[in-house]
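Novice:
2 protein chains.
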Amino acid sequence: MPNGLSIGVLSRRTGCSIQTIRHYERIGVMPQPRRTGGNQRRYTVQHLGRLNFIRHARELGFSLEQIRELLTLADYPDQSCAEIDRIARTNLAAIESRLRRLELLRHELQRMAGACRGGRVADCRVIRVLSMQDRCHTEHMSFPEAFED
Amino acid sequence: MPNGLSIGVLSRRTGCSIQTIRHYERIGVMPQPRRTGGNQRRYTVQHLGRLNFIRHARELGFSLEQIRELLTLADYPDQSCAEIDRIARTNLAAIESRLRRLELLRHELQRMAGACRGGRVADCRVIRVLSMQDRCHTEHMSFPEAFED
DNA sequence: CTTGAACCTACAACGACTATAGGTTTTATC
DNA sequence: GATAAAACCTATAGTCGTTGTAGGTTCAAG
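Heads up: the protein sequence lines correspond to chains A and B, in order. Residues 209 to 357 (this note's numbering) are what the first sequence spells out, left to right. Residues 209 to 357 (this note's numbering) are what the second sequence spells out, left to right.
1) Check whether the Cβ of L272 (chain A) lies closer than 7 Å to any Cβ atom in chain B.
2) Against chain B, with Cβ distances strictly below 7 Å, would Q287 (chain A) count as a contact?
3) Say whether chain B places a C-beta atom closer than 7 Å to the C-beta of C224 (chain A).
4) For chain A, is any of its Cβ atoms less than 7 Å away from the one on S339 (chain B)?
5) Given a limit of 8 Å on CB to CB distance, which residues of the segment 300 to 326 of chain B reach chain A?
6) What's the call for V253 (chain A), buried or exposed, on a 16-neighbour Cβ count within 10 Å?
7) Taking the CB atoms as reference points, tell me whether I157 (chain B) and R249 (chain B) lie closer together than 7 Å.
8) Can you list, in chain order, the residues of its chain whose CB lies under 8 Å from that of V237 (chain A), leaving out five sequence neighbours each side?
9) Quick check: what's the CA-CA separation for L259 (chain B) versus L317 (chain B)?
10) Who are the near neighbours of L213 (chain A) in its chain, counting only those whose CB is closer than 6 Å to its CB and skipping five residues on each side?
11) Taking 7 Å as the threshold (C-beta atoms), are A321 (chain B) and R319 (chain A) in contact?
12) Mind checking if H264 (chain A) is an interface residue toward chain B, Cβ cutoff 7 Å exclusive?
13) Mapping DSSP to helix, strand and coil, what is L268 (chain B)?
14) Of all Cβ atoms in chain B, is any one closer than 7 Å to the Cβ of V190 (chain A)?
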């Protein structure tokens, strides 16, 4: 490709949808590529690398705001990477908290799903569990930010 | 409360924010309560029960659309609860898939965060991992719907 | 009867996309 | 070189489940 990569090729190479790529450009995490005479985007391998970075970071649970930070930090290779480490650790902590919560949810759902065996709705354990008025059976996992992500 | 529960009381009793309660009413998962002469909402214990049901279901990972289904089904107590069981099982499967993915993410992040120890950005393991051009290190967990939730 | 907390509506914003409408450009084939 | 289809363009709205704001009204205590 002597003229650069089209947005469709970039999409296929990275697994990001075309809309998402344009979205990243609009919000400024992807730099604007050059354009053909007919206004179509043509990317370089640098763009490909950047988009892969963003995609990996997204898959690892980083927010676009954090990715913006990481990209800024990555542009100054002689600085200390303590800040980068901090961002990574913040994510790790968030993911560990999500994991713990999901394990509790799984436990509840396993109990629920296992107990409902073709009876009538009136006897349905799923409905009963969900109908509990108090907050105690989920108290041990009553996290105001449940599923905030 | 002979006159019923105010929205603030309902909020404190369920852990749902006031805006969220009004939101649920707007989208039709919570029934409209009666109003005082001055147009303020006054709830009954039935409302409290319903909101607790919704809150529990949300915490267990059900979407509001699924909750709408569950509430409809729960209104017909003589039906078979097979459908309810199906919804619960669908959720369990989704949560188990999320759990597996998160465990892989944690592993990557642990490796990343553990390897970055106050060096320079140029040597930072976090940046290096995220900069990888190929897709192989996340291939084993390349789920198009990662973090769709 | 006054004060202040709690309430009301309507609407905009969030994050990270996804989808649509309606038009233009590129590329492959004849 | 003409044509057709695939790929591209912009702009805007919608998704989900909230959260936040502005600007006003009502309730309950002292």
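Backbone N, C-alpha and C define an ideal beta-carbon position, used for all residues, glycine too.
Specialist: On the basis of the supplied data:
1) Taking the first sequence and counting its residues from 1, one reaches residue 272 (chain A) at position 64. By this cut-off, L272 (chain A) is not an interface position.
2) Within the first sequence, the letter at position 79 stands for residue 287 (chain A). For Q287 (chain A), the answer is yes, since a Cβ of chain B falls inside 7 Å of its Cβ.
3) The count along the first sequence starts at 1 and reaches residue 224 (chain A) at position 16. False, the Cβ-Cβ gap to chain B never drops below 7 Å.
4) Walking along the second sequence from the start, residue 339 (chain B) turns up at place 131. Interface residue, yes.
5) L300, I303, E304, R306, L307, L310, E311, L313, R314, E316, L317, Q318, M320, A321, C324, R325 and G326
6) By 1-based counting over the first sequence, the position of residue 253 (chain A) is 45. Exposed, since its Cβ has fewer than 16 Cβ neighbours within 10 Å.
7) Here chain B has residues from 209 to 357 only, and residue 157 (chain B) is not among them.
8) Sequence index remark: in the first sequence, residue 237 (chain A) carries index 29 (1-based). Hits under 8 Å: I262, L272, I275, R276 and L279.
9) As a working mapping, residue 259 (chain B) is identified with position 51 in the second sequence. As a working mapping, residue 317 (chain B) is identified with position 109 in the second sequence. About 37 Å.
10) Counting from one through the first sequence, the residue named residue 213 (chain A) turns up at place 5. Excluding sequence neighbours, L213 (chain A) sits near Y251.
11) Indexing the first sequence from 1 puts residue 319 (chain A) at position 111. Indexing the second sequence from 1 puts residue 321 (chain B) at position 113. No, these two residues do not count as a Cβ contact at 7 Å.
12) In the first sequence, counting from the first residue as 1, residue 264 (chain A) sits at position 56. Chain B, which has a Cβ nearer than 7 Å to the Cβ of H264 (chain A), makes this yes.
13) Sequence index remark: in the second sequence, residue 268 (chain B) carries index 60 (1-based). DSSP places L268 (chain B) in coil when its eight states are reduced to three.
14) Any question about residue 190 (chain A) goes unanswered here, given that chain A covers just 209 to 357.
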